[in-house]
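Asker: Residue numbers (my numbering): 1247 to 1681.
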């Protein structure tokens, strides 16, 4: 992915035509501390070479990212000109006036057509279906799957699987096959387990994992326009999805009740599980032999379809927004004009960033660039997200509190957990005057 493309991005001379002294201009982008932020710094270094505008990607650990960002926002501080903010921030940040309204910019550049539609809906637009935009899709991400190709392609395993289940062992096309394969490879006596899923309930790990099931079972979390949740979050489809997720938990390695992205990559690198759920952002480590001794035998697939053919995945990733309190908003806007160009998005993907550009995602060059890019392409056109309302953090905590005891300890039933969650969410929305 990291090939040098000499002269790839040219014709940025408009930066020098502006009335300000571009060469003395400096911009700061705030993001979390992880590999994509390093790739973004590489990208903006090329922007500086073209324009003379210095851009620094300032980072902080994920655990501090939201707190630090909103502390600065609430103080109306100008330390950051732009922020690559989580998709779930968009409601709180826009309603509080922290983000610049990018609707005119969005429409001028026809970004609804340029970017994958689902990324526009969840990274950029708020309120839902309002036609108002606050971010440019920047780091696409979603929950996908890795698997052990050598286990799947072992002739003896293939023969045994076909004899037991009546169909060929291959990456699962639906959640029934996912469950069958997890059961088949679950062999605690051999210290080999069927599957690794998200279970951590300290932020959004467990919820993202369960969303993978809910969305592909044809369910929804609620009506994002009306805030209706009754008979939606606790629908029959969602009950079945949660029951299936609980069943998959039975095929995880021991001690898997607080697992998120680190542990789920370890499930592959340490020969623990046949399949592992994770954000695509963490898959580069799995194709690197320095970090994964099984890199050559690790494969990837998109979240499988549910029982009625629905196929969606939980959205991760972030959009890039201009901070309202920046003293360099005009220069920041010019950077975004450069960032959305086809050649820039192509370069972003080559460096390791996850582009949301439909044109780049659909290209054979992108899909063949890494072992996981094709699955990523398939996923980014069918992603859905959690609530983006300002009170999303409360909604998230409530969902964790209701589903965690059921998934990890079998307490109560899926229906009871989701009925209680519907009551919680109704009370929260009533408190904030949503209905």
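Positions of the beta carbon are idealized from the N, C-alpha and C atoms, including for glycine. Keep in mind that this is a model prediction, so the values were computed, not measured.
Let me know if residue 1492 comes out buried or exposed under the rule of 16 or more other beta-carbons within 10 Å of its beta-carbon.
Answerer: Its Cβ being crowded by 16 or more others within 10 Å, residue 1492 is buried.
Asker: With burial defined as no fewer than 16 other Cβ atoms inside 10 Å of the residue's Cβ, what is the status of residue 1401: buried or exposed?
Answerer: The residue is exposed, with fewer than 16 neighbouring Cβ atoms inside 10 Å.
Asker: Quick check: what's the CA-CA separation for residue 1507 versus residue 1310?
Answerer: Going by the C-alpha atoms only, they are around 17 Å apart.
Asker: On the DSSP letters alone, give me the boundaries of the beta strand (DSSP E) that residue 1366 sits inside.
Answerer: Element bounds for residue 1366: n/a, residue is neither H nor E.
Asker: Using CA coordinates, which residue listed in 1443, 1418, 1455, 1359 is at the minimum distance from residue 1632?
Answerer: Minimum Cα distance to residue 1632 is reached at 1455.
Asker: Look up residue 1340 in the DSSP assignment and say whether it is helix, strand or coil.
Answerer: In this structure, residue 1340 counts as helix in the three-state DSSP scheme.
Asker: For the beta strand (DSSP E) that contains residue 1394, what are its first and last residues?
Answerer: Its beta strand (DSSP E) spans residues 1382 to 1394.
Asker: Specify the secondary structure class of residue 1464 as computed by DSSP and reduced to three states.
Answerer: Coil.
Asker: To the nearest angstrom, how far is it from the Cα of residue 1277 to the Cα of residue 1587?
Answerer: Those two C-alpha atoms are separated by around 21 Å.
Asker: Shortest alpha-carbon distance to residue 1495 belongs to which of 1667, 1424, 1594, 1675?
Answerer: Here the closest residue by C-alpha is 1424.
Asker: What is the rounded straight-line gap between the Cα of residue 1554 and the Cα of residue 1463?
Answerer: Near 7 Å, if we compare the C-alpha coordinates of residue 1463 and residue 1554.
Asker: On the DSSP bridge list, what partners appear for residue 1328?
Answerer: Answer is 1275, 1568.
Asker: Taking buried to mean at least 16 other C-beta atoms within 10 Å of its own C-beta, is residue 1628 buried or exposed?
Answerer: When all chains shown are included, residue 1628 counts as buried.
Asker: Counting only the same chain and skipping the five closest in sequence on each side, list residues whose C-beta sits under 7 Å from that of residue 1475.
Answerer: Result list for residue 1475: 1468, 1668, 1671, 1672, in chain order.
Asker: Which class does residue 1269 belong to by DSSP, given the choice of helix, strand or coil?
Answerer: The predicted position of residue 1269 is uncertain, since its pLDDT is 44 and thus under 50; no value can be drawn from it.
Asker: Would you kindly check if the distance between the Cβ of residue 1299 and the Cβ of residue 1560 is under 8 Å?
Answerer: The answer is no: Cβ separation not under 8 Å.
Asker: Where do the ends of the alpha helix (DSSP H) carrying residue 1577 lie?
Answerer: Segment 1575 to 1585, the alpha helix (DSSP H) holding residue 1577.
Asker: Less than 8 Å between the CB atoms is what I'm expecting for residue 1548 and residue 1442, so what's the real figure, rounded?
Answerer: Contact doesn't hold; Cβ gap of about 17 Å is too wide.
Asker: Sort 1678, 1327, 1323, 1521 by Cα distance to residue 1582 and report the nearest one.
Answerer: Nearest C-alpha to residue 1582: 1327.
Asker: Alpha carbon to alpha carbon, how far is residue 1393 from residue 1414?
Answerer: Whole-angstrom Cα-Cα distance: 16 Å.
Asker: If you check the beta carbons only, do residue 1337 and residue 1634 fall under 8 Å apart?
Answerer: Yes, the Cβ-Cβ distance between residue 1337 and residue 1634 is below 8 Å.
Asker: Identify which residue in 1534, 1426, 1678, 1641 has its Cα closest to the Cα of residue 1666.
Answerer: Comparing Cα-Cα distances from residue 1666 to each of 1534, 1426, 1678, 1641, the minimum goes to 1641.
Asker: Excluding five sequence neighbours on each side, which residues of the same chain lie with their C-beta closer than 6 Å to the C-beta of residue 1623?
Answerer: Result list for residue 1623: 1607, 1613, in chain order.
Asker: Tell me whether the region 1426 to 1440 and the region 1516 to 1536 touch, counting them as touching only if at least three CB pairs, one residue from each stretch, are closer than 8 Å.
Answerer: As far as the Cβ criterion goes, the region 1426 to 1440 touches the region 1516 to 1536, which means the pair count is three or higher.
Asker: My guess is that residue 1650 and residue 1452 are in contact by the Cβ rule of under 8 Å, so how many angstroms apart are they, rounded?
Answerer: Right, their Cβ atoms sit about 6 Å apart.
Asker: Which one or two residues does DSSP pair with residue 1694 in a beta bridge?
Answerer: The question about residue 1694 has no answer, for the chain in this structure spans 1247 to 1681.
Asker: Leaving out five residues on either side along the sequence, give the residues of the same chain with a beta carbon under 6 Å from the beta carbon of residue 1271.
Answerer: Contacts found: 1299, 1577.
Asker: Can you have a look at residue 1681 and say buried or exposed, based on whether 16 or more other CB atoms are within 10 angstroms of its CB?
Answerer: Classification of residue 1681: exposed, given that the 10 Å Cβ count is below 16.
Asker: Just list the residues that DSSP pairs residue 1600 with in beta bridges.
Answerer: For residue 1600, which the question treats as bridged, DSSP gives no partner whatsoever.
Asker: For my contact list, residue 1470 and residue 1374 are in at a C-beta cut-off of 8 Å; report their separation, rounded to the angstrom.
Answerer: So it is a contact: roughly 4 Å between Cβ atoms.
Asker: Using a 10 Å radius around the Cβ and a threshold of 16 neighbouring Cβ atoms, would you call residue 1660 buried or exposed?
Answerer: Residue 1660 is buried by the Cβ-count criterion.
Asker: Once DSSP output is grouped into helix, strand and coil, what is the label at residue 1546?
Answerer: Note: residue 1546 maps to strand in three-state DSSP.
Asker: Hey, how far is the Cα of residue 1406 from the Cα of residue 1398?
Answerer: Their backbone Cα atoms lie some 11 Å apart in a straight line.
Asker: Output the boundary residues of the beta strand (DSSP E) element that contains residue 1524.
Answerer: Looking at the DSSP string, the run of the beta strand (DSSP E) that includes residue 1524 is 1519 to 1525.
Asker: Can you tell me whether residue 1599 is buried or exposed? The criterion is at least 16 other CB atoms within 10 Å of its CB, across all chains shown.
Answerer: Residue 1599 is buried by the Cβ-count criterion.
Asker: Any idea if residue 1267 is buried or exposed, counting beta-carbon neighbours within 10 angstroms, 16 or more meaning buried?
Answerer: The pLDDT assigned to residue 1267 is 40, lower than 50, so where the model puts this residue is not dependable; a value taken from the coordinates is nonetheless given after this. That one is exposed.
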